[in-house]
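So the mapping is simple: the working numbering equals the position in the sequence shown, first residue as 1, plus 1.
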Amino acid sequence: MKEHPAGTPRGEPAIRTIAMPADANPAGDIFGGWLMAQMDLAAGNVAARRARTRCATVSVDRITFLQPVFIGDEVSLHAEITRIGRTSMTIQVEAWRRSRDGEERVKVTDATFVFVALDQGGRPRVISAGTGDAA
Ligand SMILES: CC(C)(COP(=O)(O)OP(=O)(O)OC[C@H]1O[C@@H](n2cnc3c(N)ncnc32)[C@H](O)[C@@H]1OP(=O)(O)O)[C@@H](O)C(=O)NCCC(=O)NCCS
C-alpha cells in the first residue's frame, strides 16, 4: 500500500460535488446515506476503470463518520485500489469536505469497499493484469 502524507486525501479524486438541501437529514446536516452513495459511486468509478468492465459492490466495511457535512459544502471523494484479487478489488475511499467559502479541507468519512468485476451475464470475471495495480 502506498504511503500518503498525513492531512491529505488518499487516492485519486474520483468525484467532487456540492451537498445540497435535498441531501440533508431532519436535523439539517447531510444525511449519511447520501455520503455513502457518493462513496459507492466513487469506488465504482475507479473499479470499472481498472477492471475495464462493469463492477458491483459486494461489501462495504468499517464505514466511519468522523465529522459532519453541511449544506453547501464541497465534498470530494477519493478512492484508491489497495488489493486486486482474481475477480475482486478492495478500494479504500475517503470523503473530504471544504466549506464553500474556505480553503481548509477536512476528512469526514472513510470506508473499505470490495467490488467484483462482472461479465455480461453478471457473473464474476477475472481482472486482467494491467498498469495502475495496487501497490
Ligand atoms: C458480486 C456477485 C456476482 C459475486 O458472486 P459470488 O457468487 O459471491 O462470487 P464468488 O464467490 O466467485 O466471489 C467473487 C469474488 O468476490 C469476493 N467476495 C464475495 N463475497 C464477498 C464479501 N462478502 N466480502 C468481500 N469479498 C467478497 C470473493 O472473495 C471473490 O474474490 P476473488 O475472485 O478476488 O478471490 C454476487 O454476490 C452479486 O451479484 N451480488 C450483488 C451485487 C449487487 O447487487 N451490489 C449492489 C449494487 S452494485
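Beta carbons: idealized from backbone N, C-alpha and C, even for Gly.
Cα-Cα, which of the options is closest to residue i?
i      : options                     : result
Val70  : Asp24, Arg84, Ile85, Val59  : Asp24
Thr91  : Ala48, Thr110, Pro125       : Ala48
Ile85  : Thr110, Ala43, Ala52, Leu67 : Ala52
Gly122 : Arg101, Ser129, Ala57       : Ala57
Arg101 : Gly45, Asn46, Ala15, Ile72  : Ile72
Closer than 6 angstroms by C-beta to residue i: which residues in its own chain qualify, once you throw out the five before and the five after it? Chain order, please.
i     : result
Ser60 : Val115
Ile64 : Ala112
His5  : Arg11
Since residue i is in the alpha helix (DSSP H), which residue starts that stretch and which ends it?
i     : result
Arg50 : 33-52
Taking 8 angstroms as the cut-off, is the beta-carbon of residue i closer than that to any non-hydrogen atom of ligand 1?
i      : result
Leu119 : yes
Arg53  : no
Arg17  : no
Thr47  : It should be pointed out that residue 47 corresponds to Val in this sequence rather than to Thr. Outside the cutoff, so no.
Note the first and the last residue of the continuous beta strand (DSSP E) segment covering residue i.
i      : result
Phe93  : Here the sequence assigns Gln to residue 93, which means Phe is not the residue at that position. Segment 89-99, the beta strand (DSSP E) holding Gln93.
Pro14  : 13-19
Val115 : 106-118
Thr83  : 75-85
Whose C-beta lies closer than 8 angstroms to the C-beta of residue i among residues of the same chain, with five residues either side of it excluded?
i     : result
Pro10 : Ser77, His79, Glu95, Trp97, Arg106, Lys108
Apart from the five residues on each side of it in sequence, which residues of its chain come closer than 7 angstroms, Cβ to Cβ, to residue i?
i      : result
Arg126 : Thr54, Thr88, Ala118, Leu119, Asp120
Quick one: residues with CB closer than 5 angstroms to any heavy atom of ligand 1, in chain order, please. Ala57, Thr58, Val59, Ser60, Gly86, Arg87, Thr88, Ser89, Val115, Val117, Pro125
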